[in-house]
Amino acid sequence: MYFDACNRALTEKYPDFGVTITYYKNRVKPLSPEFIEKWKPSDFLKKYELDYQESVEFLKTTDGYKLLSVSMKL
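Every position in the sequence shown, counted from 1, becomes a number in the numbering used here once 18 is added.
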């Protein structure tokens, strides 16, 4: 009912949305001065680097929201 024949959500009628949670860790190796000059990262990105991400995807249905997928670090 919520998907077409190719198993894709009928997003016009039943929109889906995702939530991504990003985890950072202290930067092990400092950024090079060339990188800082060229890209001008924020002070946050100078101190921290991406560790991993977790995501959850939901589908809005006539009965409320249904969980479609979860991606997490174990």
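C-beta atoms are modelled at their ideal positions from N, C-alpha and C, and glycine is treated no differently.
Predicted model only: the values in this text are computed from it and were never measured.
Per the coordinates, the alpha-carbon of TYR83 lies some 14 Å from the alpha-carbon of LEU28.
Per DSSP, LEU63 lies in no beta strand (DSSP E) segment; the continuous alpha helix (DSSP H) that holds it begins and ends at 61-65.
Looking only at ILE39, ASN44, GLU72, the smallest Cα-Cα distance to ASP61 is reached by ASN44.
In this structure, the beta-carbon distance from LEU85 to GLU75 falls below 9 Å. For LEU68, the number of other beta carbons within 10 angstroms of its own is below 16, and it is reported as exposed. Taking THR40 as the centre and dropping the five residues before and after it, the same chain places the C-beta of LEU68, GLN71 closer than 7 Å to its C-beta, in chain order. THR80 has its alpha-carbon roughly 13 Å from the corresponding atom of PHE21.
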